[in-house]
Structure formats: structure tokens, C-alpha cells
Amino acid sequence: MILCCGEALIDMLPRTTTQGEPAFAPYVGGAVFNSAIALGRLSAPAAFFSGLSSDLFGGQLREALGASKVSSTYAHT
5 MILCCGEALI
15 DMLPRTTTQG
25 EPAFAPYVGG
35 AVFNSAIALG
45 RLSAPAAFFS
55 GLSSDLFGGQ
65 LREALGASKV
75 SSTYAHT
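Quick note, the sequence shown lines up with residues 5 to 81 if you use the numbering used here.
Here's what the structure looks like:
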């Protein structure tokens, strides 16, 4: 198993709402986080080691790990 250790981020990228108003949209990211996602998508056994928040953004990060078959066993809240 490849253990990826580092930070996970939520990038707030500028977007426009359906009503044409400026807004920001959250996207998961972070160099090590992205590497773990890529490994999982390539079917390499991978896990992510870091702290994740217990809020909505932490949930979004955990969901992204699971969707790419990356273990979040070592990602503590």
C-alpha cells in the first residue's frame, strides 16, 4: 500500500450562478491529496494520512477519497 501523507484542501473557485451572480464553488485538492486520488483511480492500493475536519468540507474530502478507492483509515478528525 502507498501511504500518502500531507494536507487536503478545499479550493474555492470563482463561478457564476444560474442567475448570473458571482459565487464561489468548493473543489477538493491539495498536492498529496490529488496524488492519492490519482493512485486510487489507477487501482494502486493507496491510503491518505492527515487530519480532516468534521464539517461539510471534511465530508466532501472523505467522499472524494472513497469514490477513488483510497483508504481514509488514517485520516483522523
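Beta carbons: idealized from backbone N, C-alpha and C, even for Gly.
{"query": "Collapsed DSSP secondary structure at Leu-7 in the structure displayed", "result": "strand"}
{"query": "Buried or exposed (CB count within 10 angstroms, at least 16 for buried), Arg-66", "result": "buried"}
{"query": "Of the listed residues Ala-35, Ala-68, Gln-23, nearest to Arg-45 (C-alpha basis)", "result": "Ala-68"}
{"query": "Secondary structure of Leu-65, DSSP reduced to three states", "result": "helix"}
{"query": "Pair within 8 Å by beta-carbon distance, Glu-11 and Ser-54", "result": "yes"}
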